[in-house]
Structures are given as C-alpha cells and as structure tokens.
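In my numbering, the protein residues as written are 41 to 223. Structure first, then comments.
Right, here's the structure in full:
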C-alpha cells in the first residue's frame, strides 16, 4: 500500500550441526526498512550482521560478517516497472582475518505489460562473486487466466580477463505451455 513504511529489527541466536561440527553462539542482528512513497516509487533495504557458518570452506568455520540488500521499484508508466537492486555479503575468519568471501550482486528487473495478454520481463544481473553477467528475457502470452504460453532465454557471460570483453559461456532457449485441467 502506498504511503506506508515498514521497519523491522530482529536479534537471532542459534546453534547448528554442519558436516559433523557443532557451531554455537550463531548470533545475528537484522534491520529492515521498506517504504512506498507513491505508486511511482518505493524503496527499501535490509542489513544483517553477526556470525555465519562458512559452508564453502574446508573445514567450515564460524565467521563474522554481514549481508545486506537495497532495492527500489520505479513505475514511470502504468505499464512499465523498473526494479534495480544490490546485494552485498562479506565473511571473515575471526581467528586469522582471512576473507572467505566478499562480493556483490547487482540486478535489475524490467517488466513491461503491452496489453492484458502480452507481458515482457527482462532480468539483467552482474555477479561479482563469479564475475558473471546474465541476461534473461521472458515473453508471456496469457490466452486465458489459466492458460499461458512462455518463451524466453538465458545468456551467461563471464569476465575471464578484465582487460577484454566478457565471453559468452552459456545460452539456453525455452518455451512452456501451461493449461489448467479441471477434474
């Protein structure tokens, strides 16, 4: 609903058994703010910091880090919505200061409604962790409320050498027909 602001503050504490190791005192603080000024603009962010299990490390350890996300939704036209967002995460080993990971994901989703039946969605994303760009267009045709036809693709690019252009590493095309059968 427009003209509303939502805030949340949480403190969580837990313990977990992962790969045969017990991790205690997993404490985190979470803060969220989300607001919708009008039908044209809404924005928000969340931030969480504390202790996390470094699941990708061998052996896993209980690290200290933070994660966060900021986003907005812009509706310049009644049929166009642009939703950029940024996620960031970092985790360090408190014993030696070694960084397990540190990076961000920048993502924009663009939706355009041509008419009641035809809809286009485009996702553009850059993943700093893997140095990968993704482009995902999807066209949806709604024949009836329960009958839809989708056609789309995914194009993945990796930045192997930062001095040259990203290289196409994978490409997928797909179609889907969805129909509701009533019994």
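Heads up, the beta-carbon is just placed ideally off N, CA and C, and yes, glycines get one too. Every value quoted in this text rests on a predicted model; they were computed, and no experiment measured them.
DSSP bridge partner residues for residue i (one or two, in chain order)
i: residue 105; result: 90 and 131
i: residue 143; result: 129
i: residue 155; result: None; residue 155 has no bridge partner.
i: residue 57; result: 62
i: residue 136; result: In DSSP, residue 136 forms no bridge with anything.
i: residue 124; result: 148
i: residue 112; result: 83
Extent of the continuous beta strand (DSSP E) to which residue i belongs
i: residue 204; result: No beta strand (DSSP E) holds residue 204; DSSP gives it neither H nor E.
i: residue 70; result: 61 to 76
i: residue 173; result: 172 to 184
i: residue 192; result: 187 to 198
Coil, strand or helix - residue i by DSSP
i: residue 119; result: coil
i: residue 43; result: coil
i: residue 84; result: strand
i: residue 50; result: strand
i: residue 161; result: strand
Length of the line joining the Cα atoms of residue i and residue j
i: residue 194; j: residue 176; result: 5 Å
i: residue 71; j: residue 91; result: 15 Å
i: residue 112; j: residue 166; result: 17 Å
Cβ shell of residue i (< 6 Å), same chain only, five flanking positions each side left out
i: residue 159; result: 153 and 180
i: residue 220; result: 186
Contact with chain C by residue i, beta-carbon distance below 7 Å
i: residue 116; result: The structure shown contains no chain C; it is built from a single protein chain.
Same chain only: Cβ atoms within 8 Å of residue i, ignoring 5 sequence neighbours per side
i: residue 183; result: 157 and 189
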